[in-house]
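Chains as they are written, first to last, in this note's numbering: chain A, 1 to 114; chain B, 1 to 112.
Every residue gets a Cβ at the ideal spot worked out from N, C-alpha and C, and that includes glycine.
Being a predicted model, the structure only gives us computed values, none of them experimental.
What follows is one structure encoded as structure tokens, with my remarks underneath.
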């Protein structure tokens, strides 16, 4: 039990639609990051938030955006969905930085774009 | 960009065997995470280390910063250890996850 909850667990969307994925972290986890994991691959970093501010971003287009809320929950929004967006989306949180704290992952949201 | 290589990519072993998974990376780092991912997607953090060796139960992780290499060992392996094991070295500064690069993982199957 990592204390990180993601919803929904599975989602099917049509190309061109928009989607919002949610992550609820443990109290006190000020750092949250989101990852995209394609089948058979390792996770790819999308972006990170620290105390509601984005402070790091991977190589993903602007149609991937996020928010972090004061109650330690966060969102990943993806606009204009493409077939290649089909993947497992993971969030991870930590009380401090990733240099000093272990990561706490959610179980992920499996997104299928048709 | 940190290139991360894990070996082997796939490993099938018998219950009780000693397991070693290796991770090499190309860029100097300040820390490295070992993660375990079960079918269905959930990831569990096993270790975070920046030097030497850490042990937790039957799991041991070592790292050699100078040689850019880390290993994960499982003693007395059990079928419940079957999972994908991922190393994630952390380079850069500032504590951001933009310095976190993931290997593709080692798919381990332990047969009874």
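So if DSSP puts residue 83/B in a beta bridge, which residue, or which two residues, is it bridged to?
Partner(s): 108/B.
Say whether chain B places a C-beta atom closer than 8 angstroms to the C-beta of residue 60/A.
Residue 60/A has a beta carbon lying at 8 angstroms or more from every beta carbon in chain B.
Going by the CB atoms, is the gap between residue 94/A and residue 37/A shorter than 8 angstroms?
Not closer than 8 angstroms, so no.
So which residues of chain A does residue 57/B contact, with C-beta pairs closer than 9 angstroms?
The contacting residues do not exist; residue 57/B stays about 15 angstroms from chain A at best.
Which residue comes first and which comes last in the beta strand (DSSP E) that contains residue 68/B?
Where residue 68/B is concerned, there is no enclosing beta strand (DSSP E), given that its DSSP letter is neither H nor E.
Starting from the beta carbon of residue 43/B, find every residue of chain A whose beta carbon is closer than 7 angstroms, and list them in chain order.
The answer, in chain order, is 90, 105.
If you count every other CB in all the chains shown that lies within 10 Å of the CB of residue 47/B, and 16 or more means buried, which is it?
Buried.
Suppose the cutoff is 8 angstroms on Cβ atoms and the five residues either side in sequence are ignored; what does the same chain contact list for residue 31/B look like?
Excluding residues within five positions, the ones whose Cβ falls inside 8 angstroms are 48, 49, 50, 89, 90.
Taking only beta carbons into account, state which residues of the segment 22–46 of chain A come closer than 7 angstroms to chain B, listed in chain order.
In summary, the residues of the segment 22–46 of chain A whose CB is separated from some CB of chain B by less than 7 angstroms are 33, 41, 42, 43, 45, in the order they occur in the chain.
What residues from chain B crowd round residue 108/A, counting only those whose CB sits closer than 9 angstroms?
Neighbours of residue 108/A on chain B, chain order: 40, 41, 42, 43.
Helix, strand or coil: how does DSSP classify residue 103/A here?
DSSP places residue 103/A in coil when its eight states are reduced to three.
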